[in-house]
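According to the working numbering, the sequence shown is numbered sequentially starting from 10.
We treat Cβ as the ideally placed atom computed from N, Cα and C, and that holds for glycine.
Read the structure below first, then the notes.
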Amino acid sequence: MDLEQKVILITGASSGIGKAVALALSHGHNRIVITARRKELLSDVAETIQKNGSEALAIDGDALDEEQAANIIQQAVVQFGRIDIALLNIGAGPSLSIAQACPDDIKQNMRVNYDTMINFFCPLVRQMKVQDSGGIIANTNSLAGFLGLPTQGQYSAAKAACRIFLDTARIELKQYNIRVLTICPGFVVTERNKQGGIPGSLTMSMDDAARNILKALKSESKEYLFPTRLKIAIMLPRFLPRFATERILSRLLHS
Ligand SMILES: NC(=O)c1ccc[n+]([C@@H]2O[C@H](COP(=O)([O-])OP(=O)(O)OC[C@H]3O[C@@H](n4cnc5c(N)ncnc54)[C@H](OP(=O)(O)O)[C@@H]3O)[C@@H](O)[C@H]2O)c1
């Protein structure tokens with residue numbers, strides 16, 4: 010789908026990758042609905058979107074609340090009549106040592122990554138089913154969702170759950186012309202994780218990530234993994250014996 014003059018919803022757009030994608034799309038005369046909890050940050054993003062020539066609707070809300078998510082979709086449709094593209098982008102992956110974790114630490118990560126996606130997904134499907142041209146629902150997933158990474162077990166599990174759910178949704182929703190995309194970035198330097206200690210050669214900027222996400226939306230790639238070097242690294246263990254993968258990953262933990 011071309012990315013001009015479209016109605017586009019981006020969740021988690023107050024900072025990081027969601028904000029970068031919203032700003033990248035704002036040069037295409039789009040109508041962009043942005044949502045997150047931090048109202049002032051959202052207003053700043055909306056202002057820049059408008060300066061760049063698109064319309065903006067900023068709606069603050071907590072995506073953990075099913076009703077608030079459904080209301081956001083409703084407000085977007087009242088304002089703009091339809092939703093052509095939705096990027097469900099909310100998520101977080103703080104490090105967690107399983108030996109120290111309590112059940113709620115682990116389940117909270119599933120809520121932030123999986124539940125927030127589902128809370129938007131269902132009302133979006135209801136809306137897109139009645140639109141002549143269907144629509145695109147994309148999720149900002151992660152390369153971490155392909156492998157149980159040390160200190161990221163809860164995050165890898167949550168992103169894998171999203172990915173598998175979307176695989177099924179893609180098949181079931183094809184009849185309504187709803188295209189479901191899973192977009193999997195590697196490490197992206199954002200405001201929140203810039204002290205993260207990941208070697209610079211393995212990271213990319215938010216603008217690079219946004220460029221790739223726009224490419225994925227435009228091409229409607231069902232599963233889009235980037236950057237290539239990390240994509241290969243993350244896929245390699247599929248072809249290695251398990252003991253070799255575990256040895257490599259435990260070196261990561263102790264490095
Ligand atoms: N950074 C990376 O290296 C990387 C790599 C691969 C994938 N990803 C994925 O990319 C996505 C964006 O992450 P990011 O790195 O850009 O992080 P970020 O800057 O922390 O962005 C997260 C966004 O989600 C919003 N959010 C969080 N909880 C929410 C809630 N309950 N309700 C509504 N909004 C909520 C935050 O806004 P408020 O706090 O204002 O609500 C913020 O706008 C995530 O899904 C992440 O897993 C990130």
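Between the alpha carbons of residue i and residue j, how many angstroms are there, rounded?
| i | j | result |
| --- | --- | --- |
| A108 | P159 | 11 Å |
| V42 | I82 | 9 Å |
| H36 | A110 | 44 Å |
| Q140 | R91 | 7 Å |
| L258 | P250 | 13 Å |
| G102 | I127 | 18 Å |
| Q14 | S24 | 23 Å |
| R220 | L175 | 22 Å |
| L267 | V16 | Past the boundaries of the shown model lies residue 267; the chain is included only from 10 to 264, so the question cannot be answered. |
| I222 | K231 | 12 Å |
| S210 | V197 | 11 Å |
| N186 | A55 | 30 Å |
| F89 | T237 | 37 Å |
| I241 | V87 | 44 Å |
| A166 | E255 | 17 Å |
| M213 | P194 | 9 Å |
| I180 | I173 | 11 Å |
| N61 | D216 | 16 Å |
| R260 | D93 | 45 Å |
| D113 | D74 | 17 Å |
| E229 | V189 | 8 Å |
| Q84 | E49 | 19 Å |
| F235 | A225 | 10 Å |
| S151 | C131 | 21 Å |
| A22 | A65 | 12 Å |
Which whole-angstrom value is the C-beta distance of residue i and residue j, which I expect to be below 8 Å?
| i | j | result |
| --- | --- | --- |
| C171 | Y123 | 6 Å |
| A72 | T149 | Not confirmed; about 13 Å, so no contact. |
| L18 | A78 | With a Cβ gap of about 11 Å, L18 and A78 do not count as contacting. |
| S10 | I145 | According to the sequence provided, residue 10 is Met. The question's Ser does not apply to it. About 6 Å; that satisfies the 8 Å criterion. |
| L105 | F129 | L105 to F129, Cβ: 25 Å. No contact. |
| I192 | A147 | 6 Å |
| A67 | L51 | 4 Å |
| L12 | L34 | 6 Å |
| N202 | Q163 | Actually they are not in contact, since the Cβ atoms of N202 and Q163 sit about 16 Å apart, beyond 8 Å. |
Strictly by DSSP, which residues pair up with residue i?
| i | result |
| --- | --- |
| P194 | F235 |
| T177 | T177 is not bridged to any residue. |
| R188 | I145 |
| I94 | I17 and I145 |
| E64 | R40 |
| D69 | A45 |
| M213 | V197 |
With a threshold of 7 Å (Cβ to nearest heavy atom), would residue i be considered close to ligand 2?
| i | result |
| --- | --- |
| F129 | Questions concerning ligand 2 fall outside what the structure shown contains, since the ligands it does hold are ligand 1. |
Any alpha helix (DSSP H) of 4 or more consecutive residues that is wholly inside the stretch 102 to 161: Runs of the alpha helix (DSSP H) inside the stretch 102 to 161: 112 to 119 and 125 to 138.
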